[in-house]
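Residue numbers are given in my numbering: position 182 of the sequence shown equals residue 183, and the series is strictly consecutive.
Just so you know, even glycine gets a beta-carbon here, dropped at the ideal spot from N, CA and C.
First comes the structure, then the notes that go with it.
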Amino acid sequence: MYSILPLIIIIFSLAGMLAIFIRKIPAMKEISVDEISYASFKKTRFFIKALKNKILPIILKILERFLRLLKISSLKLDNLISVVLIPKIRESYKNLGLFSGHSKFKNLRFGKKIEDQELGESLNAVPRFQLTDLKAEDGKTLKRKEKIYLGVLKNNPRDALAYAELGKIYFASNNINEAKICLEKAQELGSEEANELLKNLKS
Numbered sequence: 002m003y004s005i006l007p008l009i010i011i012i013f014s015l016a017g018m019l020a021i022f023i024r025k026i027p028a029m030k031e032i033s034v035d036e037i038s039y040a041s042f043k044k045t046r047f048f049i050k051a052l053k054n055k056i057l058p059i060i061l062k063i064l065e066r067f068l069r070l071l072k073i074s075s076l077k078l079d080n081l082i083s084v085v086l087i088p089k090i091r092e093s094y095k096n097l098g099l100f101s102g103h104s105k106f107k108n109l110r111f112g113k114k115i116e117d118q119e120l121g122e123s124l125n126a127v128p129r130f131q132l133t134d135l136k137a138e139d140g141k142t143l144k145r146k147e148k149i150y151l152g153v154l155k156n157n158p159r160d161a162l163a164y165a166e167l168g169k170i171y172f173a174s175n176n177i178n179e180a181k182i183c184l185e186k187a188q189e190l191g192s193e194e195a196n197e198l199l200k201n202l203k204s
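Structure, rendered in structure tokens:
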């Protein structure tokens with residue numbers, strides 16, 4: 002008798018719980034859609050909060066590293082082009098004789114165009130520039146003066162004066178690598194002025 006009593010109590014309890022559950026089914030049907038929507042909204046909100054607080058900072062950090070790496074790679078590529086490739090291309094052109102012949106250029110001091118003259122002779126008409134004066138000039142003027150001496154070097158690739166003046170122009174425009182290349186070439190060709198300019202460049 003006493004051993005059957007607990008079993009009876011359990012059976013009646015389960016039956017009562019089942020009855021209550023059956024009675025609540027209609028009410029659950031009415032609120033199930035809203036409850037599910039609210040639960041889905043809570044999950045979405047939790048995911049957005051987790052994304053904002055944890056995942057987004059990680060993504061931004063990775064993106065920042067990628068951009069830094071891209072910038073460093075760009076600087077390395079720019080340095081490779083300016084220091085290695087451009088001098089090699091210029092030297093190849095000189096060796097092939099592509100810089101021979103006549104050219105047209107402007108006497109920048111007077112703004113006059115000089116045409117059909119030997120560049121070697123015309124070099125005497127082109128003013129020599131002081132480094133302090135060049136530093137005070139704008140980039141556009143320096144570019145035009147650069148063209149003068151590039152034109153001279155097309156006719157005579159071993160003109161020490163033209164290399165020295167071109168080196169000063171690059172120095173004034175903060176193109177240090179180009180300035181060093183031109184001044185070292187001028188020094189190699191016997192320019193005494195290039196020696197002093199190289200000392201200033203290295204100091």
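With 16 or more other Cβ atoms from the protein chains shown falling within 10 Å of its own Cβ, A195 counts as buried.
For N156, the enclosing alpha helix (DSSP H) begins and ends at G140 to N156. A residue is called buried when at least 16 other Cβ atoms come within 10 angstroms of its Cβ; K200 does not meet this threshold and is exposed.
Taking all protein chains in view, the Cβ of A180 is crowded by 16 or more other Cβ atoms within 10 Å, so the residue is classified as buried. Taking a C-beta distance under 7 Å as the contact criterion, K146 and I170 qualify as a contact pair.
Rounded to whole angstroms, the separation of the alpha carbons of T45 and L15 is 37 Å. With fewer than 16 other Cβ atoms from the protein chains shown falling within 10 Å of its own Cβ, E193 counts as exposed.
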